[in-house]
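Numbering (full-length UniProt numbering), first residue to last: 1 to 63.
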């Protein structure tokens with residue numbers, strides 16, 4: 001699943017998902033075409049979980 005589909009399923013922006021990647025919270029694989037590919041269930045659930053934590057006011061540390 002590519003980032004556009006993750007955005008559609010979670011309601012988040014590409015920028016937010018990229019931020020989660022930079023934090024090491026999700027780790028998509030790079031396909032042969034160099035696109036980031038996200039696993040259907042694991043990444044989607046992780047992204048939704050992280051987003052719910054942020055909605056509660058938890059601040060993620062920056063690297």
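Even for Gly, the Cβ is constructed at its ideal location relative to N, Cα and C. These numbers were taken from a predicted model, which means no experiment stands behind them.
Per the C-alpha coordinates, the member of 32, 31 and 36 positioned closest to residue 17 is 36.
In the structure shown, residue 29 falls within a strand segment according to DSSP collapsed to helix, strand and coil. Around the C-beta of residue 38, 16 or more other C-beta atoms lie within 10 Å, and the residue is accordingly described as buried.
Separation of residue 6 and residue 33 (C-alpha to C-alpha, rounded to the nearest whole angstrom) is 18 Å. When DSSP states are grouped into helix, strand and coil, residue 8 belongs to the helix group.
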